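Colleague: Below is the structure I would like to discuss, written out as structure tokens.
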Amino acid sequence: MNTEVGPELTTNWGAAATEPVPLVVLSLDSHSAEETRAIGRRLAAGLFPGQVIALQGTLGAGKTTLVQGIAAALGISGRVTSPTFTLVNEYRSPAGFRLIHAHTYRLDEDRALAQLEAETFGLDETLESSRDVVLVEWAERVAPLLPADHLLIRLEPGLEPDERSITMSAFGPRSAEVLAVLNSSCA
Ligand SMILES: Nc1ncnc2c1ncn2[C@@H]1O[C@H](COP(=O)(O)OP(=O)(O)OP(=O)(O)O)[C@@H](O)[C@H]1O
Ligand SMILES: [Mg+2]
């Protein structure tokens with residue numbers, strides 16, 4: 060964790076807008092893959108079944124690396140790899156819920172077609188499930204399928220090769236609570 064510049068938290072409670080506006084935005088910097096996994100482990104502390112996390116960022120940005128940290132903290136012992144070709148990987152947590160890790164990069168770039176493709180493998184129903192924790196890489200491809208209350212995490216390269224700037228936006232009160240827990244662990 061960067062000790063020089065702390066996480067930055069902004070809130071928009073009560074904002075009036077026609078476009079969905081995140082209730083809370085938390086910005087963090089990571090300087091290594093291990094630090095990104097550690098952020099994932101701390102993020103997992105506030106997660107509950109039904110949470111959807113949309114992951115954005117270019118190839119190699121660190122989306123799967125973040126998922127590895129989340130999975131480890133949820134007690135998932137198996138190796139977590141990118142479902143780039145399988146589209147969906149499922150893990151069972153010791154607490155009894157599933158962690159579903161989807162990758163939609165290979166779906167059509169046209170959102171309407173991507174949505175139809177996603178429906179053929181049941182991603183729409185998975186995203187409506189209140190029983191699972193669902194993480195979706197390249198979530199912009201299936202944006203219309205995301206529930207209103209979701210956490211959007213964007214990873215962007217920094218100035219140094221191993222640097223990433225991570226912006227987490229909570230769309231909805233339940234996701235805002237997840238960020239509140241993460242933010243309190245940064246204090
Ligand atoms: N700060 C960092 N955070 C995350 N990964 C990092 C960082 N610095 C270096 N890396 C490296 O970058 C790579 C990230 O790969 P990862 O599979 O997580 O990317 P991805 O965003 O899931 O890509 P894809 O879109 O192909 O699925 C790994 O090799 C990791 O070790
Ligand atoms: Mg990946």
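For what it's worth, the working numbering labels the leading residue of the sequence shown as 60, then goes sequentially.
Yeah, the Cβ is synthetic: ideal placement off N, Cα and C, and Gly gets one too.
Nothing here was measured: the structure is a model prediction, and the numbers come from that model.
#1: Got a sec? Which residues, its chain only, sit under 6 Å from residue 62 by beta carbon, not counting five neighbours each side?
#2: Is it the case that the Cβ atoms of residue 12 and residue 235 are separated by a distance below 7 Å?
#3: For residue 197, which residues in the same chain have their Cβ closer than 6 Å to its Cβ, ignoring the five residues on either side in sequence?
#4: On the criterion of 16 or more Cβ atoms from any shown chain inside 10 Å, does residue 107 qualify as buried, or is it exposed?
#5: Could you check if residue 151 is buried or exposed, using at least 16 other CB atoms within 10 Å of its CB as the buried criterion?
#6: What would DSSP say about residue 136, mapped onto helix, strand or coil?
#7: Run through DSSP, which three-state label would residue 72 get?
#8: Cβ of residue 196 within 6 Å of any heavy atom in ligand 2?
#9: Exposed or buried, which one is residue 172 when buried takes at least 16 other CB atoms within 10 Å?
Modeller: The structure says:
#1: As a working note, residue 62 is residue 3 in the sequence shown. Low confidence applies here, because residue 62 scores a pLDDT of 46, under 50, leaving its location unreliable; read the following figure in that light. In its own chain, leaving out the 5 sequence neighbours on each side, no residue places its CB closer than 6 Å to the CB of residue 62.
#2: The displayed coordinates of the chain run from 60 to 246. Any statement about residue 12 would go beyond what the structure contains.
#3: Here residue 197 refers to the residue found at position 138 of the sequence shown. Hits under 6 Å: 163 and 164.
#4: Here residue 107 refers to the residue found at position 48 of the sequence shown. Classification for residue 107: exposed.
#5: In the sequence shown, counting from the first residue as 1, residue 151 sits at position 92. Burial call: exposed.
#6: Taking the sequence shown and counting its residues from 1, the one referred to as residue 136 is at position 77. Annotated three-state conformation of residue 136 is coil, per DSSP.
#7: In the sequence shown, the residue the question calls residue 72 occupies position 13. Under the three-state reduction of DSSP, residue 72 is assigned to coil, being neither helix nor strand.
#8: Here residue 196 refers to the residue found at position 137 of the sequence shown. Yes, the Cβ of residue 196 comes within 6 Å of a heavy atom of ligand 2.
#9: By 1-based counting over the sequence shown, the position of residue 172 is 113. By the C-beta density criterion, residue 172 is exposed, having fewer than 16 other C-beta atoms within 10 angstroms.
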